[in-house]
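According to the UniProt record's numbering, the sequence shown holds residues 1 to 628 in order.
Scroll down for the structure; my scribbles are underneath it.
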Amino acid sequence: MSDEDQLYDPVSEYCSLYHHAAVVVENQLYIAQGYAQYVRNSKRKGGGNPHLRFINLDRTIPVAQSGEFINVVTNSTAYPENLPSTVNPALWYNPNAFSLYMAMGGTINFQSLIFEDGAQYNPGSPREYWRSRVRTDRYRQGFTSDDYQFGGWDRLALNLDNPMGLITARNTYFDAETQKGYIVGGWVGASTNPTDSFITYNAITSEWTNSTLPWGRSLGNGAMASFRINDRLVHIHVGGYVNGTYVAMDHARIYDSETQDWYTQPIDGAQIPPARGDACTALVAAPDGSSYQMFMFGGSENGDPSARFLSDMWVLNIPSFTWVFIGESGGQFGPGARSGSSCNIVKDHIFLLYAGKKAAIASQAAQCESGGNAAYFMDLNTLSWLETYEGNNTTPGYRVASRITDVIGGNGYGGAIRTAPTGGFDSEVLATLFAINGTRIVNSNPTRLPSPVPTNSDQITDGGSAPVPTGAIVGGVVGGILLLLALIGLLVFCLRKKKGLPFLSSREPKSPGAVDDIPVGGRSELPTHYSEGGNYPKTPSIFKDPRAGYSGYYQSTVLGAPTNQEVYVYELPTGDTRQHPHLSAQELASPQDMDYSPSSTTLYAPDHELPLPPTPPGVPEPQFKPAR
Numbered sequence: 001m002s003d004e005d006q007l008y009d010p011v012s013e014y015c016s017l018y019h020h021a022a023v024v025v026e027n028q029l030y031i032a033q034g035y036a037q038y039v040r041n042s043k044r045k046g047g048g049n050p051h052l053r054f055i056n057l058d059r060t061i062p063v064a065q066s067g068e069f070i071n072v073v074t075n076s077t078a079y080p081e082n083l084p085s086t087v088n089p090a091l092w093y094n095p096n097a098f099s100l101y102m103a104m105g106g107t108i109n110f111q112s113l114i115f116e117d118g119a120q121y122n123p124g125s126p127r128e129y130w131r132s133r134v135r136t137d138r139y140r141q142g143f144t145s146d147d148y149q150f151g152g153w154d155r156l157a158l159n160l161d162n163p164m165g166l167i168t169a170r171n172t173y174f175d176a177e178t179q180k181g182y183i184v185g186g187w188v189g190a191s192t193n194p195t196d197s198f199i200t201y202n203a204i205t206s207e208w209t210n211s212t213l214p215w216g217r218s219l220g221n222g223a224m225a226s227f228r229i230n231d232r233l234v235h236i237h238v239g240g241y242v243n244g245t246y247v248a249m250d251h252a253r254i255y256d257s258e259t260q261d262w263y264t265q266p267i268d269g270a271q272i273p274p275a276r277g278d279a280c281t282a283l284v285a286a287p288d289g290s291s292y293q294m295f296m297f298g299g300s301e302n303g304d305p306s307a308r309f310l311s312d313m314w315v316l317n318i319p320s321f322t323w324v325f326i327g328e329s330g331g332q333f334g335p336g337a338r339s340g341s342s343c344n345i346v347k348d349h350i351f352l353l354y355a356g357k358k359a360a361i362a363s364q365a366a367q368c369e370s371g372g373n374a375a376y377f378m379d380l381n382t383l384s385w386l387e388t389y390e391g392n393n394t395t396p397g398y399r400v401a402s403r404i405t406d407v408i409g410g411n412g413y414g415g416a417i418r419t420a421p422t423g424g425f426d427s428e429v430l431a432t433l434f435a436i437n438g439t440r441i442v443n444s445n446p447t448r449l450p451s452p453v454p455t456n457s458d459q460i461t462d463g464g465s466a467p468v469p470t471g472a473i474v475g476g477v478v479g480g481i482l483l484l485l486a487l488i489g490l491l492v493f494c495l496r497k498k499k500g501l502p503f504l505s506s507r508e509p510k511s512p513g514a515v516d517d518i519p520v521g522g523r524s525e526l527p528t529h530y531s532e533g534g535n536y537p538k539t540p541s542i543f544k545d546p547r548a549g550y551s552g553y554y555q556s557t558v559l560g561a562p563t564n565q566e567v568y569v570y571e572l573p574t575g576d577t578r579q580h581p582h583l584s585a586q587e588l589a590s591p592q593d594m595d596y597s598p599s600s601t602t603l604y605a606p607d608h609e610l611p612l613p614p615t616p617p618g619v620p621e622p623q624f625k626p627a628r
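Below, the structure written as C-alpha cells:
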C-alpha cells in the first residue's frame, strides 16, 4: 500500500471537517461523520470522515492547542469500518437506554482515500440505522472522562414505508423525555431535491414514521431549536432554504408535539439577521424559565458559489421572539466566518463550536486549521470567546447577559419582562403554549380571527316568537344599582310569565374576543379554538385542533394522504457546480489534489462539492462485510 493510500491521520493531517454530527454524552463531546479535508506531502485531499472523535469536557483546553485534546477511537470493533460514510447524519444520545443512534445522512463516495480496506465502504441505506450502547462495565463504574464509553455498533432495520432515499438534514433533535427523535426536512441525493419529509423515531417501540411538512420543501438547513415548555416539546425553525429560496429570518415555524401541528409567528428586533442556511444553533434557558435563548452562529447567506460565509452571532429570545445581535466572531480566539459547524452547550453556559468549513465565500477551498485545532468556546454569561476553556474549573450556572436583558428586561437570573412578541401572539394557541407563569398575551388584532361584537343580553324584543335572554348585566354591579337590577328583574319576570316564555340561565355571555383565565402546565389544560358563533368555551378541553381560521396554522398530514403539492421529478445531478450555480455549498466534492497553503492564507481554488449520484431504481444495494 502506497503512502498516498494510507488512512489519513485525523489530527496531524487534519485540514477541515464540516457537515458532521456532534453530541454531548455526559462529560464528553462525540464527533462523527462529515466531509473532511486532509493534507499530506503538501497536497490536500477531500473525503469522508471515518473517525469517531471525542473530547473530554472536564479538561482545561487552550483554543490554540485544542487538537491536542482530541481522542480518536481506533478500535475497529468499537467503531467499525463498515459504518456508513455520510454527511449530516442524525446522531442522537438516549440517556434512558445509554445508547447512541446514527441514521440517514448524505452519501460520500471516497472510500479509496479514507479506508484501509475499501471493501468495507458503506454508502449508507435508508432502510437501516445504527445503535451503540454503553459498555457493560460502564453501567457499574460510571463514565470516565478519557475513555470511550461505548461498545460495538448494531445494524438495525429502519422500517419506513417507501423511503424516498437517504435524507440529509442538519435539523435533527432527540427528546430524552419521550425518547423520540426528529428529522425536519432535508435533501435526497442533491440539494436540487429538497423534501417535505418530517421523520419521527420512537426509541421505545423502534418505530419510524414520516409525515409531510405542511409549509413546504426544505433542505433541512435552517436555524432550529427544540425544547420542552408547558409539558410539551416544541421545535422553533427559522430561515434556511424553503420552497426554492433562502427565506427571511423574520418568521418562525413552530411545531407543537402535543397537537402535531405547525404554526407561524413573526419575529422582530432592532436588527434581523440576513437570510442564511447551515448556521449552527444551541439553546439555553434562563434560571427561572422566564425566557429561552437560541444562539445562532455563522452559516452561508445562500447556496450560490459566490455566497458569503458568515461570522456573526445572534440570539433569538423566546417567548418574546426578538432577535438580538451579539457581534462578529473575529479576533484571535473567535472561529471566524464558516459554515457547516456543530454547536453544543457544555457546563451550562459554554457555547462549544467545533469545526465547519472556514472560508470567505462558498467556492473557496476551506482554510486549514492545522493540528486539528478546531474547537472554539464562548462564555454565554459574558458573550466573549475564550482563550482557554477551563473544563471542571468552569463556574456552573447560566446567567442571561446584560446585552439580552437590556432588550427583554429582567436580570441574569431571569425575570424577563417581555414574555410575548410585540403586540402579543397572533394565535391564542401560541399564547397559551408559550405562557410564562400562566400569563398569556394575545394580539388584539389576531390574523383572521372574528372581531368582537358588542352584545346586550338585557334587551327584550318586541314580542317575537324567539326567547329573549334575561341574564345579569355585564360588569361589576355595586351599591344601589343592585336595587335597580332587582326591579328590572321583577319586571322581566312578569313580562315572561305573561308571554309564557322559558326562563334562561343567568350566565354572563362573552364577546368573541374575550379570554378565559385557564391554568397552564397540564397536557389537557390548553383551550380550544373559537367556535363559529364567536363564544369561547369556559370549560377547557383537550388541546387537539386549535386552528380557528388562524392563517399561520398548518395541519400535519401523513405521507400518502391526498395533497395538492406537485410531484417532484427526480433528476440526477451533473458533475460541475459551475453549470448549476444554485447548488448548495454543502454538497460534496470529488477528491482533488491541490497545493497546500497555511491557514493564514486564503485559498481561492474552487471547492466543487457534489454528491455521489444516488443508486438508480432497481439496482441492488451494496453488500458489506462484517466489522473486523
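Ideal Cβ placement from N, Cα and C applies to all residues, glycine included.
No experiment lies behind these values; they were computed from the predicted model shown.
Legend entry - Host alpha helix (DSSP H) of SER402 (start-end): For this step, residue 402 is matched to residue 402 along the sequence shown. Counting along the chain, the alpha helix (DSSP H) containing SER402 begins and ends at 402-408.
Legend entry - Buried or exposed (CB count within 10 angstroms, at least 16 for buried), ARG44: Numbered from 1 along the sequence shown, position 44 holds the residue referred to as residue 44. Under the 10 Å beta carbon count, ARG44 is surrounded by 16 or more other beta carbons and is classified as buried.
Inset, instruction - With DSSP collapsed to three states, give me the class of ASN344. - result: Start at 1 with the first residue of the sequence shown, and residue 344 comes out as number 344. Note: ASN344 maps to strand in three-state DSSP.
Inset, instruction - Starting from residue 648, trace the alpha helix (DSSP H) both ways and give me its first and last residue. - result: Residue 648 lies beyond the range of the chain shown here (1 to 628); nothing can be said about it.
Inset, instruction - Rank TYR18, MET296 and TRP187 by C-alpha distance to the C-alpha of SER218 and give the top, closest one. - result: Numbered from 1 along the sequence shown, position 218 holds the residue referred to as residue 218. Nearest C-alpha to SER218: TRP187.
Legend entry - Nearest neighbour of LEU310, chosen from GLY336, SER320, LEU383 and ASN317 [CA to CA]: The residue labelled residue 310 in the question sits at position 310 within the sequence shown. Among GLY336, SER320, LEU383 and ASN317, the Cα nearest to that of LEU310 is on GLY336.
Legend entry - Chain-order list of residues whose beta-carbon lies under 8 Å from that of LEU283 (same chain, five-residue window excluded): Within the sequence shown, numbered from 1, the residue matching residue 283 stands at position 283. Here the set comprises ALA225, SER226, PHE227, TYR292, GLN293, MET294, PHE295 and ILE345.
Legend entry - At least 3 beta-carbon pairs within less than 8 Å: the stretch 65-73 vs the stretch 15-27: no
Inset, instruction - Can you give me the Cβ contacts of TYR129 inside the same chain, cut-off strictly under 7 Å, excluding the 5 residues immediately before and after it? - result: Position 129 of the sequence shown, counted from the start, is the residue given in the question as residue 129. Excluding sequence neighbours, TYR129 sits near TYR101, MET102, ALA103, LEU156 and LEU158.
Inset, instruction - Could you tell me which of PHE321, GLU301 and LEU383 sits nearest to PHE333, measuring between CA atoms? - result: By one-based count along the sequence shown, residue 333 stands at place 333. Closest by alpha carbon: LEU383.
Legend entry - Supposed close pair GLY152, THR74 - CB separation, criterion 8 Å: Walking along the sequence shown from the start, residue 152 turns up at place 152. Walking along the sequence shown from the start, residue 74 turns up at place 74. That pair is no contact at about 14 Å.
Legend entry - Entirely enclosed beta strand (DSSP E) segments - the stretch 203-289, minimum 3 residues: 207-212, 223-229, 232-238, 251-256, 261-266 and 280-285
Inset, instruction - Could you pull out every residue in the same chain whose Cβ sits closer than 7 Å to the Cβ of VAL134, ignoring the five residues on either side in sequence? - result: Within the sequence shown, the letter at position 134 stands for residue 134. If we look at VAL134 and ignore the five residues flanking it on each side, its Cβ neighbours are PHE98, GLN149 and PHE150.
Legend entry - Residue of ARG338, ALA22, ASN171 and GLU328 minimising C-alpha distance to ALA307: Position 307 of the sequence shown, counting from 1, holds the residue named residue 307. Between ALA307 and the set ARG338, ALA22, ASN171 and GLU328, the nearest pair of CA atoms involves ARG338.
Inset, instruction - Look up GLY46 in the DSSP assignment and give the residues it is bridged to. - result: Translated into positions along the sequence shown, residue 46 becomes position 46. Note: GLY46 sits in a beta bridge opposite GLN37.
Inset, instruction - Return the chain-ordered list of same chain residues with a C-beta closer than 6 Å to the C-beta of ASN210, the five sequence neighbours on each side being excluded. - result: If you number the sequence shown from 1, residue 210 lands on position 210. Correct list, in chain order: LEU160, SER197, ILE199 and LEU559.
Legend entry - Identity of the residue in LYS358, ALA375 and ASN373 nearest GLN367 by Cα: Locating residue 367 in the sequence shown gives position 367, where the first residue counts as 1. Taking only the C-alpha atoms, the option nearest GLN367 is LYS358.
Legend entry - Distance, LEU91 Cα to LEU588 Cα: Translated into the one-based positions of the sequence shown, residue 588 becomes position 588. Translated into the one-based positions of the sequence shown, residue 91 becomes position 91. Note that LEU588 scores a pLDDT of 36, beneath 50, so its modelled location is shaky; the value from the coordinates is reported in the next line. Computed Cα separation, rounded: 20 Å.
Inset, instruction - Between the Cα of ASN88 and those of LEU233, GLY372 and VAL184, spot the shortest distance and give me the residue it belongs to. - result: Within the sequence shown, the letter at position 88 stands for residue 88. Ranking LEU233, GLY372 and VAL184 by Cα distance to ASN88 puts VAL184 first.
Inset, instruction - Can you grab the Cα-Cα spacing for the pair PRO606 / ALA36, in whole Å? - result: To locate residue 606, count along the sequence shown from 1; it is residue 606. To locate residue 36, count along the sequence shown from 1; it is residue 36. Because PRO606 carries a pLDDT of 32, less than 50, the predicted location of this residue cannot be relied on, and the following value inherits that uncertainty. Cα-Cα distance, rounded: 16 Å.
Legend entry - Buried or exposed by the 16-neighbour rule on C-beta atoms within 10 Å, applied to ARG131: Walking along the sequence shown from the start, residue 131 turns up at place 131. Looking at its Cβ environment, which holds 16 or more other Cβ atoms inside 10 Å, ARG131 is buried.
Inset, instruction - Would you kindly work out how many angstroms separate the C-alpha atoms of ALA360 and LEU52, rounded to a whole number? - result: Position 360 of the sequence shown holds residue 360. Position 52 of the sequence shown holds residue 52. A direct Cα-Cα distance of roughly 28 Å separates ALA360 from LEU52.
Legend entry - Three CB pairs or more closer than 8 Å across the stretch 259-279 and the stretch 314-333: The stretch 314-333 and the stretch 259-279 touch, with three or more beta-carbon pairs separated by less than 8 Å.
Inset, instruction - Look up GLN120 in the DSSP assignment and say whether it is helix, strand or coil. - result: Within the sequence shown, residue 120 is the residue found at index 120, counting from 1. Helix, per DSSP.
Legend entry - Counted within 10 angstroms of its Cβ, other Cβ atoms place ARG418 as buried (16 or more) or exposed: Residue numbering aside, residue 418 sits at position 418 when the sequence shown is read from its first letter. So ARG418 counts as buried.
Inset, instruction - Identify whether PHE333 lies in helix, strand or coil by the three-state DSSP scheme. - result: If you number the sequence shown from 1, residue 333 lands on position 333. Here PHE333 sits in coil by DSSP.
Inset, instruction - Specify the secondary structure class of ASN411 as computed by DSSP and reduced to three states. - result: Here residue 411 refers to the residue found at position 411 of the sequence shown. Three-state result, ASN411: strand.
Inset, instruction - Quick one: grab the DSSP three-state call for SER197. - result: Residue numbering aside, residue 197 sits at position 197 when the sequence shown is read from its first letter. In this structure, SER197 counts as strand in the three-state DSSP scheme.
Legend entry - Cα-Cα separation between GLY244 and GLY303, rounded to whole angstroms: Within the sequence shown, the letter at position 244 stands for residue 244. Within the sequence shown, the letter at position 303 stands for residue 303. Between the alpha carbons of GLY244 and GLY303 lies a gap of roughly 11 Å.
Legend entry - Start and end residues, beta strand (DSSP E) containing ALA22: Position 22 of the sequence shown, counted from the first residue, corresponds to residue 22. Here the beta strand (DSSP E) through ALA22 covers 21-25.
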